[in-house]
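Scroll down for the structure; my scribbles are underneath it.
Dropping the structure here:
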């Protein structure tokens, strides 16, 4: 499968209680990417929210670090069937970033360095459900896992937690992103097994 990193193959495992259906438990953190890993220096990184009115809010790395930072303890679930329990992240809540953003739109498209996109309903990004994360297990997020910063939306399959995130565009329709255009479910709830169309 040219252009894709290792880890996209399915594996059979014994079911574990408290996992979403069809998932197996892993102690590893598999690296899954569609395309090469971008290398973005922190001083070159920025994050922007663009509204339907063309108004944007932008943060540099230093500005992001000056915002309230939260520690997040959560399980993560990949559509390729692995789950990792009890992970610890640090990042800035999307609630903080959206505090002064006015919009009538109900949907968002996350954008990443390297061109990746994924669509997410706005309600899945707010009310303590999503972060721009920059640390994993007490260490800076490695580029292979989306560093310097990735979106963290742990209640959805992990392809929604866009690596190398650099912005969110608000929109009035739930237009599909990269994987959604290629057969993945528009929403991606692991407890409902919303894997594919």
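Numbering (this note's numbering), first residue to last: 52 to 248.
Virtual Cβ for every residue (Gly too), placed ideally from N, Cα, C.
Proximity below 8 angstroms, CB of residue i to CB of residue j
i: residue 148; j: residue 221; result: no
i: residue 75; j: residue 130; result: no
i: residue 194; j: residue 185; result: no
i: residue 156; j: residue 190; result: no
i: residue 234; j: residue 211; result: no
i: residue 150; j: residue 176; result: no
i: residue 128; j: residue 241; result: yes
Residues bridged to residue i (per DSSP)
i: residue 222; result: 158
i: residue 133; result: 75
i: residue 247; result: 235
Closest residue to residue i among the options (Cα-Cα distance)
i: residue 89; options: 215, 236, 229, 244; result: 215
i: residue 230; options: 175, 156, 162; result: 162
i: residue 192; options: 238, 92, 175; result: 92
i: residue 115; options: 217, 178, 105, 87; result: 217
i: residue 80; options: 179, 248, 196; result: 196
i: residue 111; options: 105, 94, 124; result: 94
i: residue 96; options: 71, 176, 107, 201; result: 201
So does the region 119-129 actually touch the region 138-154, counting three or more Cβ pairs closer than 8 angstroms? yes
Segment contact flag, the region 216-236 with the region 170-187, C-beta cutoff 8 angstroms, min 3 pairs: yes
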